[in-house]
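**Student:** Sharing a structure with you now.
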Amino acid sequence: AQKVTQAQTEISVVEKEDVTLDCVYETRDTTYYLFWYKQPPSGELVFLIRRNSFDEQNEISGRYSWNFQKSTSSFNFTITASQVVDSAVYFCALSESSLKNTGNQFYFGTGTSLTVIP
Amino acid sequence: DTEVTQTPKHLVMGMTNKKSLKCEQHMGHRAMYWYKQKAKKPPELMFVYSYEKLSINESVPSRFSPECPNSSLLNLHLHALQPEDSALYLCASSRDGLSLSDTQYFGPGTRLTVL
């Protein structure tokens, strides 16, 4: 089963529209961390946010906001008044408990490709 | 501006060549990572070094050989690669890598083509 599901493969919006990128995760751990990264066409992954499982406060940073809901295992990302520079692939990721020492517990979703049309 | 640098940006190599990818970070981090990313896919973890010791090897073929000369530098030595190894290779660093919960900061990547 997918640990992180980003059901929206591709989204297109017209500039200045708001857009929400969905992320649903699956874990049995009580301590975990969620991340969002942006990957523009240049290739570099840009860190956007890290949130731990005990902090359900929504976060706003400029035009970006995140809605973390443990009840639905979701960590959705909204861009307000989208701009052409927001065009990129956005990855949601999950890191499970640090108490495990076996192998990789960091999971990327499959990504959502966002195109903002001028 | 990224504080993780990778060289070269692009690399084309034949299947019999030996080449190396280099990564350097200037954030005082003690963990460094190699990822492989194919087109339209998420990055796949290959190796993790924590305090200059290899802590995770995700069953990567031996034709990929990592090296961590010090906590700021990470190399990936390539030998006898196959065309299917063509991909974007991303380096990342984090504070200590004792868990994978630390934020990873990525470099711009090396786009590798194997002919």
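Going line by line, the protein sequences match chains A and B.
Residues in the first sequence are numbered consecutively from 612, following the working numbering.
Residues in the second sequence are numbered consecutively from 912, following the working numbering.
Glycine included, C-beta positions come from ideal geometry on N, C-alpha and C.
Given Arg1006(B), which residues of its chain have a CB within under 6 Å of its CB, disregarding the five upstream and five downstream residues?
**Tutor:** Locating residue 1006(B) in the second sequence gives position 95, counting from the first residue. Excluding sequence neighbours, Arg1006(B) sits near His940 and Asp1013.
**Student:** Exposed or buried, which one is Ala950(B) when buried takes at least 16 other CB atoms within 10 Å?
**Tutor:** Within the second sequence, the letter at position 39 stands for residue 950(B). Burial call: exposed.
**Student:** Phe717(A) versus chain B: which residues are under 7 Å apart at the beta carbon?
**Tutor:** What you label residue 717(A) is simply residue 106 of the first sequence in a count that begins at 1. Leu956 and Leu1011, listed in chain order.
**Student:** Measure the Cβ-Cβ separation of Phe702(A) and Pro1019(B) and say whether it is below 9 Å.
**Tutor:** To locate residue 702(A), count along the first sequence from 1; it is residue 91. To locate residue 1019(B), count along the second sequence from 1; it is residue 108. No, they are not a contact pair.
**Student:** Please identify, using Cβ separations under 8 Å, the residues of the stretch 997-1009 of chain B that lie next to chain A, in order along the chain.
**Tutor:** Taking 8 Å as the Cβ-Cβ cut-off against chain A, the residues of the stretch 997-1009 of chain B that qualify are Leu999, Leu1001, Ala1003 and Leu1009.
**Student:** Of all the options Val615(A), Asn687(A), Glu655(A) and Ile622(A), which has the alpha carbon lying nearest to the alpha carbon of Gln668(A)?
**Tutor:** Your numbering for residue 668(A) matches position 57 in the first sequence. Ranking the options by Cα distance to Gln668(A), first place goes to Asn687(A).
**Student:** Relative to chain B, which residues along the stretch 693-708 of chain A have a C-beta separation below 9 Å, given in chain order?
**Tutor:** Correct list: Val700, Phe702, Ala704, Ser706, Glu707 and Ser708.
**Student:** Of the choices Gln613(A), Leu659(A) and Glu626(A), whose alpha-carbon is the least far from that of Ser698(A)?
**Tutor:** Here residue 698(A) refers to the residue found at position 87 when the first sequence is read from its first residue. It is Glu626(A) whose Cα lies nearest to the Cα of Ser698(A).
**Student:** How would you call Pro729(A), buried or exposed, if buried means at least 16 neighbouring beta carbons within 10 angstroms?
**Tutor:** For the purposes of this step, residue 729(A) is taken as residue 118 along the first sequence, with counting starting at 1. So Pro729(A) counts as exposed.
**Student:** Which chain B residues sit within Cβ distance under 8 Å of Thr721(A)?
**Tutor:** Numbered from its first residue, the first sequence carries residue 721(A) at position 110. Per Cβ cutoff of 8 Å: Lys952 and Pro953.
**Student:** Looking only at DSSP bridge pairs, what is Arg662(A) linked to?
**Tutor:** Position 51 of the first sequence holds residue 662(A). Note: Arg662(A) sits in a beta bridge opposite Leu645(A).
**Student:** Between which two residues does the beta strand (DSSP E) harbouring Cys934(B) extend?
**Tutor:** Within the second sequence, residue 934(B) is the residue found at index 23, counting from 1. First-last of the beta strand (DSSP E) with Cys934(B): Lys929 to Gln936.
**Student:** I believe Tyr1000(B) touches Leu956(B) by the beta-carbon criterion, under 8 Å. Please report the beta-carbon distance rounded to the nearest angstrom.
**Tutor:** On the second sequence, position 89 is the one that residue 1000(B) refers to. On the second sequence, position 45 is the one that residue 956(B) refers to. Incorrect: roughly 12 Å between the Cβ atoms, too far for contact.
**Student:** If the cut is a Cβ gap below 8 Å, which residues of chain D does Pro1019(B) touch?
**Tutor:** Absence of chain D from the displayed structure is noted, the protein chains being A and B.
**Student:** So, with DSSP's three-state summary, where would you put Ser682(A)?
**Tutor:** By one-based count along the first sequence, residue 682(A) stands at place 71. Helix, per DSSP.
**Student:** Hey, quick one: how far does the beta strand (DSSP E) through Ser1005(B) stretch, first residue to last?
**Tutor:** On the second sequence, residue 1005(B) is found 94 positions in, with the first residue counted as 1. Ser1005(B) -> beta strand (DSSP E) spans Ala998 to Ser1005.
**Student:** Could you pull out every residue in the same chain whose Cβ sits closer than 6 Å to the Cβ of Ser684(A), ignoring the five residues on either side in sequence?
**Tutor:** If you number the first sequence from 1, residue 684(A) lands on position 73. Answer for Ser684(A): Val635 and Tyr636, listed in chain order.
**Student:** Quick one: is Val923(B) buried, meaning 16 or more other Cβ sit within 10 Å of its Cβ, or exposed?
**Tutor:** Locating residue 923(B) in the second sequence gives position 12, where the first residue counts as 1. That one is exposed.
**Student:** Assign Thr723(A) to one of two classes, buried (16 or more other C-beta atoms within 10 Å of its C-beta) or exposed (fewer than that).
**Tutor:** Here residue 723(A) refers to the residue found at position 112 of the first sequence. That one is buried.
**Student:** Could you run through the stretch 660-679 of chain A and flag, in chain order, every residue whose CB is less than 7 Å away from some CB of chain B?
**Tutor:** If the cut-off is 7 Å between Cβ atoms, the stretch 660-679 of chain A has Arg661 near chain B.
**Student:** What is the DSSP secondary structure of Val695(A), counted as helix, strand or coil?
**Tutor:** By 1-based counting over the first sequence, the position of residue 695(A) is 84. Helix at Val695(A).
**Student:** What in chain B is Cβ-close to Tyr644(A), meaning under 7 Å?
**Tutor:** By 1-based counting over the first sequence, the position of residue 644(A) is 33. Neighbours of Tyr644(A) on chain B, chain order: Ser1012.
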